Amino acid sequence: MRTLLRLKARPAWLYTLPLALALAACGGGGDGGPVDNVVTPTPPPDPFVAGSEVPQSATTSVDGAIAFIRSVIASMSETAEGLALGNAALATSETADPQPL
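Numbered according to mature numbering (1 follows the signal peptide of the UniProt record, and there is no 0), the sequence shown spans residues -24 to -1, 1 to 77.
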C-alpha cells in the first residue's frame, strides 16, 4: 500500500520531463549548409497563338520553333486528334545553323 502512495505523490513534471527532453532531441540537426531541396517556381505556360495550338515561342524564335516541332514529333500517334495550326507561322532564320529533329 505504501508503494502506491509513493507513485501518486510524485509531481507531474517528473513524468513529463523525460518526454519533453526526448521530443526536444528529435528536432533540428541542420548544420546550416546549403539546402538541396529548393523548389524553383515553374514558368507560366507558353500561351498559344490565337486560333491555333502553336505556342507563341514557336513563332518568335527558331529555338522555340524547334522545341515545338520536337514535342509534336514525340507525341505523334495514329489515333491522336489533328493539330490546329490556324494562321500561325513558325519562326525562321537565315543565319542559324540547322538543327537535327
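Every residue gets a Cβ at the ideal spot worked out from N, C-alpha and C, and that includes glycine.
Everything numeric in this text was worked out from a predicted model, so none of it was measured.
A distance below 6 Å between beta-carbons, with the five flanking residues on each side excluded, links G62 to the following residues of its chain, in chain order: G27 and S28. In this structure, A34 is the residue among T55, A34 and E54 with its C-alpha nearest to the C-alpha of S47. Taken through DSSP and simplified to helix, strand or coil, P(-7) comes out as helix.
Rounded to the nearest angstrom, the Cβ distance from F44 to P23 is 13 Å, too far for a contact under 8 Å.
Contact between V25 and A67 is ruled out by a C-beta separation of about 11 Å, above the 8 Å threshold.
In the DSSP secondary-structure assignment, P31 is bridged to F24. Here Q75 has I42 as same chain residues with Cβ atoms under 6 Å from its own Cβ, once five neighbours each way along the sequence are excluded. Going by DSSP, G40 is part of the alpha helix (DSSP H) stretching over V38 to A50.
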